[in-house]
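Residue numbers (the working numbering): 100 to 220.
Structure below.
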């Protein structure tokens, strides 16, 4: 089965870090990502940027917002499609990701969710 891993972070807290602090934090993730990629059958991996365009209905008209949505504080940091036997196995594999392995991540609002994917034919 295929699953979608969605990793989140708190943009305000991460934005408060210097480039050096971010580089040091990400370097602690490197070995963990190597382990993750060795043990998980990753089909696709994306790290979306902050530039977004959103659209929604308002007063009967489609509105467009071209600014990053910081109103929720939380941003998507990682989108990964991977294979697993079932949801329990997917959660076990997803727990190898640095989101749950780097203790400092808690300070920056790191969290993740896993969703099963269904093919639409």
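All C-beta atoms in this analysis are idealised placements derived from N, C-alpha and C, irrespective of residue type, glycine included. Predicted model, so just to flag it, every value in this text is computed and none were measured.
Check                                                                                                    : Outcome
Close Cβ partners of residue 190 (< 7 Å) along its chain, the five nearest in sequence each way excluded : 213
Which of helix, strand or coil DSSP assigns to residue 184                                               : coil
Proximity to residue 180 [Cα-Cα], best of 126, 204, 146 and 200                                          : 146
Buried/exposed call for residue 197, threshold 16 Cβ in 10 Å                                             : buried
Counterpart residues of residue 106 in DSSP-defined beta bridges                                         : 177 and 211
Whole-angstrom distance between residue 132 and residue 222, CA atom to CA atom                          : Given a span of 100 to 220 for the chain in the structure shown, any question on residue 222 remains unanswerable.
Contact set for residue 155: own chain, Cβ-Cβ below 8 Å, skip 5 residues either direction                : 161, 162 and 164
DSSP-derived helix/strand/coil call for residue 153                                                      : strand
Identity of the residue in 174, 136 and 106 nearest residue 114 by Cα                                    : 174
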